[in-house]
Amino acid sequence: MGCAMRLIRGCAGVAMTAELLSVRDLSVSFTTEGGVARVLDSISLSLPPGEIMGLVGESGCGKTTLARAILGALPPNARVSGAALRFDGRDLLTLDPRVTADAVRGRAITFVPQDPFSSFNPLFTVGDQISEVLRWKSPDRQPNERIYARGRKRADRARALAMLRSVQLPDPERLLTKYPHELSGGQRQRVMIAMALLPEPKLVIADEPTTALDVTIQAQILKLLRGLANERGVSVLFTTHDLGTAWEICDRVTVMYAGQALETAPIASFFRQPMVPYTRLLLDSLPSRDVALRGIPGEVPSLIAPPPGCRFAPRCPLADDPCRATHPPPTEPAPDHQVRCHHPRIETVAA
Ligand SMILES: Nc1ncnc2c1ncn2[C@@H]1O[C@H](COP(=O)(O)OP(=O)(O)O)[C@@H](O)[C@H]1O
Ligand code: SF4
Ligand SMILES: [Mg+2]
Numbered sequence: 063m064g065c066a067m068r069l070i071r072g073c074a075g076v077a078m079t080a081e082l083l084s085v086r087d088l089s090v091s092f093t094t095e096g097g098v099a100r101v102l103d104s105i106s107l108s109l110p111p112g113e114i115m116g117l118v119g120e121s122g123c124g125k126t127t128l129a130r131a132i133l134g135a136l137p138p139n140a141r142v143s144g145a146a147l148r149f150d151g152r153d154l155l156t157l158d159p160r161v162t163a164d165a166v167r168g169r170a171i172t173f174v175p176q177d178p179f180s181s182f183n184p185l186f187t188v189g190d191q192i193s194e195v196l197r198w199k200s201p202d203r204q205p206n207e208r209i210y211a212r213g214r215k216r217a218d219r220a221r222a223l224a225m226l227r228s229v230q231l232p233d234p235e236r237l238l239t240k241y242p243h244e245l246s247g248g249q250r251q252r253v254m255i256a257m258a259l260l261p262e263p264k265l266v267i268a269d270e271p272t273t274a275l276d277v278t279i280q281a282q283i284l285k286l287l288r289g290l291a292n293e294r295g296v297s298v299l300f301t302t303h304d305l306g307t308a309w310e311i312c313d314r315v316t317v318m319y320a321g322q323a324l325e326t327a328p329i330a331s332f333f334r335q336p337m338v339p340y341t342r343l344l345l346d347s348l349p350s351r352d353v354a355l356r357g358i359p360g361e362v363p364s365l366i367a368p369p370p371g372c373r374f375a376p377r378c379p380l381a382d383d384p385c386r387a388t389h390p391p392p393t394e395p396a397p398d399h400q401v402r403c404h405h406p407r408i409e410t411v412a413a
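Using our numbering, you'd call the opening residue of the sequence shown number 63 and step up by one each time.
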């Protein structure tokens, strides 16, 4: 949000931004047969190096669309507008698409999908698929390099074996010869995490990476991802519809509702001092882990004809005319705690 920019001092005393990723007023709409769906409405967020930021919200609120917009991988019926989408000092909205494809997507920013099975090609071994990633996205690859030289191939294989050990997959030599269907769901997701880390990215976008796994495996994968990201100083943008998962892995969370970001806070303040009515209602619905407003009258609005102001207004107990008329501007009622709400409540909830 506008006021959340953190500054650090360079050694020459020059102020530099500390953000790795900075999204300002990003909107995305999709042209559909039923009309134009305004799927993301003026989203702002920022992510410093090394932080795990959760994007939390119920299914359909726009998490994957935001992840794809950052990756530059939206489908052709999408229209993006925004003030800025800055990553590591570059504006991704204006960057040459060839540079994005070569140096950003799959290299500086990598992706862990929700369903590892459908993301693998069933016809090729795990080794072939890792090799293909490293052929184009290895940290050793020089720009415009066309031939996959034997020396680099050998170094990449050693790199892959070491990474498979880091994601705690035993016997990695044998694993490279297997086909995706020969692996369990947890093993496939470990391979996906390895493939996402192999290019030595600065940012990993993990889009509900544990949703398809059973609960025990989920916990192991979250612990692994958190450990590896912290160890390597990699930032993670982690989407989830599950508050329990957000608590397990995230340093900070942004809560989304129907394409709007309503509240961003460090994980402890988020749970102890939620300020926006939507967030408070979500937390009231715990211990249910899923983000869903069970028992709250009303439905998520149509994204083709959304309410003009706050999109939660039709269901919000505090909604008044300003809420219905205007999308609230970003404010920071407490340090490092940003909201877009006309009536945030500031009080500490007992632990
Ligand atoms: N290619 C597309 N064309 C039209 N609508 C889409 C497309 N992709 C996603 N949507 C719509 O955008 C909204 C947000 O979807 P998505 O970003 O996948 O949400 P989430 O990941 O939070 O479940 C949904 O209403 C979805 O139907
Ligand atoms: S802006 Fe108004 S309607 Fe929206 S969450 Fe805040 S109080 Fe509720
Ligand atoms: Mg999604």
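Think of the CB as a built atom: it goes at the ideal place given N, C-alpha and C, for glycine as much as any other residue.
Query                                                                                                        : Result
Beta-carbon proximity of T316 to L107, cut-off 7 Å                                                           : yes
Alpha-carbon to alpha-carbon, T126 and L299                                                                  : 11 Å
Three-state class that DSSP yields for G122 in the structure shown                                           : coil
Contact test: P110 Cβ vs ligand 1 heavy atom, cutoff 6 Å                                                     : no
Identity of the residue in K285, L147 and A330 nearest V166 by Cα                                            : L147
H243 - DSSP class collapsed to helix/strand/coil                                                             : helix
Buried versus exposed call for S364 [16 or more other C-beta atoms within 10 Å across all chains shown]      : exposed
Proximity of E81 and Q176 at Cβ, strictly below 7 Å                                                          : no
Top-ranked residue by Cα proximity to I311, from A327, R288, L324 and F333                                   : R288
Whole-angstrom distance between L133 and M67, CA atom to CA atom                                             : Low per-residue confidence applies at M67: pLDDT is 34, beneath 50, and the placement is therefore not dependable, though the value from the model is reported in the following sentence. So the alpha carbons of these two residues sit roughly 22 Å apart.
Helix, strand or coil at T278 [DSSP, three-state]                                                            : helix
Same chain, Cβ closer than 6 Å to L136, five either side skipped, listed in chain order                      : R130
Collapsed DSSP secondary structure at P379 in the structure displayed                                        : coil
DSSP bridge partner residues for M318 (one or two, in chain order)                                           : A323
Residue burial classification, K215 (beta-carbon count within 10 angstroms, cutoff 16)                       : exposed
Classification of D218 by the beta-carbon crowding that lies within 10 angstroms, buried from 16 upward      : buried
Same chain, Cβ closer than 6 Å to V90, neighbours up to 5 away in sequence not counted                       : V101, L102, T127, A131, A140 and V142
Alpha-carbon spacing of H399 relative to R314, whole angstroms                                               : 10 Å
T307: first and last residue of the uninterrupted alpha helix (DSSP H) it sits in                            : L305 to I311
R208 classed as buried or exposed, judged by whether at least 16 other C-beta atoms fall within 10 angstroms : exposed
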